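A quick write-up on the structure given underneath.
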Amino acid sequence: MKSIIPILLLLFLASCSAIRVHYDYDRDTDYSKYTTYNYFSDMDTGLSELDSRRLLRAIDSTMRAKGFLLSEEPEFLINILSSSFQAPRNNSVGVGIGGSGRSVGGGMTIGIPVGATNVEREIQFDFVDSQRDELFWQAITVSSLRENSSPIEREDKIRELVAKTLEKYPPKR
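Counting in the numbering used here, the sequence shown runs without a single skipped number right up to 185 at its last residue.
Next comes the structure, spelled out in C-alpha cells:
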C-alpha cells in the first residue's frame, strides 16, 4: 500500500500539467501543396513579447523539422491567438457529520476547496490559405500557466506545447 501512494501522487501531478490539444481541419484540403508559410503581419498573440518570440522560434524549429520553409511569399499563413482564464477547482474535501436516535436522524456535508487557483492558457493556431484566405487547419491548446516560471521553464513549456500541437500536422487521411 505504501508503494502505491507515490505512484498515485506522481500521476496526479502529471495530470495537472498536461497539455490538451483539440484539432479541426478541412478534410478536402490537399495538404501536400503547402510547403511554405509565414505569419499574419498584424498578428497579436496575446502573449508577452518574450513569450511570443519563444513561441515563434519553437514553431519555426518544428516546421523546419517537418520540411516546411518560412517564406516571404508563403502558401499559408499562421495566426495565433491566446487567452488566460481561471479554471474551476475540481478538487475538494468533504467533511460530514451525522447522527441518529431512535426516531431522529440528520446529516450535513460541506465541500472545502483544496489547492491553489489554477490559471490556464488557451492558445489557438489557425492555418490559413494565403491565396484564398480560407482557414484549413486549426488547433486549440489548453495548458496550465505559471506566471512565476523561469525563462528556461517557459522556453521548455512552450517547446513542449508546440511539439504536441504540431505533431498531428499535416493531418493523416
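No residue lacks a Cβ here, since even glycine has one placed at the ideal position from N, Cα and C.
It should be emphasised that the depicted structure is a prediction, and the values quoted were computed from it without experimental measurement.
Beta-carbon proximity check, residue i vs residue j, cutoff 9 angstroms
i    : j    : result
I170 : D63  : yes
L89  : F137 : no
W149 : D36  : yes
L178 : D38  : no
Beta strand (DSSP E) segment containing residue i, residue limits
i   : result
T41 : From DSSP, T41 is part of no beta strand (DSSP E); its letter is neither H nor E.
T57 : First-last for T57: undefined, no H or E at that position.
6 angstroms CB neighbourhood of residue i in its chain, flanking five on each side removed
i    : result
L198 : This structure cannot settle anything about residue 198, because the visible part of the chain is limited to 13 through 185.
E85  : none
H34  : I152
L25  : For L25, the predicted model reports a pLDDT of 47, less than 50, meaning its position is unreliable; a value from the coordinates is still stated below. No residues qualify anywhere along the chain.
P182 : Y43
Cβ shell of residue i (< 8 angstroms), same chain only, five flanking positions each side left out
i    : result
S161 : K169
E134 : S94, S95, S96, F97, I152, T153 and V154
E172 : I31
L157 : S96, V131, E132 and R133
R76  : L82
K78  : L178 and Y181
Limits of the unbroken alpha helix (DSSP H) element including residue i
i    : result
R185 : That residue, R185, is in no alpha helix (DSSP H); it is neither H nor E in DSSP.
I152 : Counting along the chain, I152 falls outside any alpha helix (DSSP H), though it belongs to the beta strand (DSSP E) covering E146 to S156.
T74  : E61 to A77
Inter-residue CB distance, residue i and residue j (contact presumed, cutoff 8 angstroms)
i    : j   : result
Y46  : E87 : 5 angstroms
V140 : A70 : Not quite, the Cβ-Cβ distance comes to about 20 angstroms (not below 8 angstroms), so this is no contact.
N50  : S83 : 6 angstroms
Neighbourhood of residue i by C-beta distance below 7 angstroms, restricted to the same chain and skipping five residues each side
i    : result
S142 : P86, E87, F88 and L89
E167 : R66
N91  : F52, M55, D138 and V140
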